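All remarks here apply to the structure that follows.
Structure, rendered in structure tokens:
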């Protein structure tokens with residue numbers, strides 16, 4: 048359809064639509080299917096024309112990805128699937144020679160396969176080379192786990208991929224064990240983002256929502272909320288946009304991470320941007336509120352971490368004691384979240400900390416009517432701000448001192 052694509056580039060701004068069109072033809076047109084498979088084999092073999100097209104598609108994709116990653120404040124070291132391509136053919140030869148893989152007849156002809164370990168409930172193998180000579184995701188994942196373990200010397204390989212890939216990773220980890228790769232590897236599965244109907248999140252007309260549009264809507268909704276609360280009178284336009292970005296993006300991140308990752312959750316901007324409950328907006332409000340206390344008291348924050356200031360901390364009320372207990376739990380909570388690979392535990396903790404601080408601030412006078420501060424209680428405020436800030440930072444939430 049596009050024989051002159053190198054000189055007359057087709058519209059590939061929406062790669063999703065291009066993919067849908069190609070997938071539809073692949074399913075309906077046997078000739079197109081055969082040509083597609085042959086081109087994949089050619090690409091894996093280093094065909095120059097296919098490589099040029101592939102690099103062009105990668106560049107288009109990367110530009111869009113980078114825009115989203117910048118919005119999310121995400122920094123990545125990119126090591127794409129193609130990095131492992133030179134390792135695939137030698138790996139398959141090695142597996143066949145060692146007997147880890149065998150040539151067997153499959154539904155699509157002869158293929159090189161690795162069977163699950165004896166006693167496994169999985170009744171189908173990894174396919175490391177197809178009948179047409181092409182490699183598979185299985186091959187790439189085996190090459191990757193060996194490279195990460197033996198070359199990168201990784202302590203733990205964590206695969207953050209949706210729940211639907213659970214069986215695939217069981218097979219990959221078993222395949223790695225058969226290969227003799229001593230890898231500590233874990234599949235960290237996650238559920239679906241759903242709409243109000245409990246089904247996969249889509250727009251009103253049934254289309255899949257683009258993440259870029261979803262994030263833009265969150266920022267706009269956060270800005271509208273700030274204006275409704277009169278913050279446009281306190282901030283200039285640049286400051287307002289900066290706070291709206293932090294709140295909107297923080298709200299989306301927090302909602303995702305505060306859910307138990309293996310379960311589906313309902314996407315609701317209204318709930319995400321609520322000032323009440325376990326939301327980023329509530330956490331950021333509490334953080335900015337605490338940040339203003341020492342400023343209001345006219346106290347230098349650094350002076351609160353001196354030996355003299357720390358000696359004035361007196362745990363004399365139930366609210367102070369409750370706050371200190373939550374603060375003391377921080378290291379154990381982090382260890383628990385890391386061990387179980389459940390980020391929602393951090394969210395549960397910062398919510399509990401924010402609640403304990405709110406109770407403390409209501410029950411204990413920190414700054415009196417004359418502006419005189421209780422230094423010991425100011426220390427507790429700053430300790431809370433520090434720990435709350437560290438918790439939110441671990442979640443990738445941008446901190447703001449005014450809201």
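Numbering (our numbering), first residue to last: 48 to 450. All C-beta atoms, glycine included, are put in the ideal place defined by N, C-alpha and C. The structure presented is a predicted model; accordingly, all values stated were derived computationally and were not measured.
task: Check whether the Cβ atoms of residue 420 and residue 426 sit closer than 8 Å, and answer yes or no.
output: In this structure, residue 426 does not lie closer than 8 Å to residue 420 by Cβ.
task: May I have the straight-line CA-CA distance separating residue 147 from residue 111, to the nearest angstrom?
output: If you take the alpha carbons of residue 147 and residue 111, they lie about 40 Å apart.
message: Using only CA atoms, which one of 431, 164, 138 and 108 lies nearest to residue 125?
response: Closest option to residue 125, Cα to Cα, is 108.
- prompt: If you follow the alpha helix (DSSP H) that residue 446 is part of, which residue opens it and which one closes it?
  reply: Element bounds for residue 446: n/a, residue is neither H nor E.
- request: Look at the Cβ atom of residue 397, then the Cβ atom of residue 339, and state whether they are nearer than 8 Å.
  value: Judged by their CB atoms, residue 397 and residue 339 are not nearer to each other than the 8 Å cut-off.
query: Would you call the stretch 434–449 and the stretch 353–370 in contact, with 3 or more CB pairs under 8 Å?
result: Contact fails: fewer than three Cβ-Cβ distances are below 8 Å.
task: Rounded to whole angstroms, what's the CA-CA distance from residue 178 to residue 144? Just pull it up for me.
output: For residue 178 and residue 144, the distance between alpha carbons rounds to 18 Å.
Residue burial classification, residue 387 (beta-carbon count within 10 angstroms, cutoff 16): With fewer than 16 other Cβ atoms within 10 Å, it is exposed.
query: Are residue 394 and residue 305 touching if we call contact CB-CB under 8 Å?
result: Yes; because the gap between Cβ atoms is below 8 Å, this pair is in contact.
- request: State yes or no: is the C-beta of residue 223 within less than 8 Å of the C-beta of residue 189?
  value: Cβ distance < 8 Å, so residue 223 and residue 189 count as in contact.
Through-space distance from residue 89 to residue 132, alpha-carbon basis: Roughly 12 Å between the two C-alpha positions.
Status (buried if at least 16 other CB within 10 Å, exposed otherwise) for residue 192: Buried, since its Cβ has 16 or more Cβ neighbours within 10 Å.
Own chain partners of residue 360 with C-beta closer than 6 Å, once the 5 adjacent residues on each side are dropped: Only 423 and 426 meet the Cβ criterion.
task: Return the first residue and the last residue of the beta strand (DSSP E) that residue 402 is part of.
output: Element bounds for residue 402: not the beta strand (DSSP E) but the alpha helix (DSSP H), 391–410.
- prompt: Counting Cβ pairs, one atom from each stretch, are 3 or more of them under 8 Å apart for the stretch 285–305 and the stretch 320–339?
  reply: By the Cβ rule, the stretch 285–305 counts as touching the stretch 320–339, because three or more pairs are nearer than 8 Å.
Backbone CA spacing between residue 262 and residue 433 [nearest angstrom]: Straight through space, the alpha carbons of residue 433 and residue 262 are spaced by roughly 28 Å.
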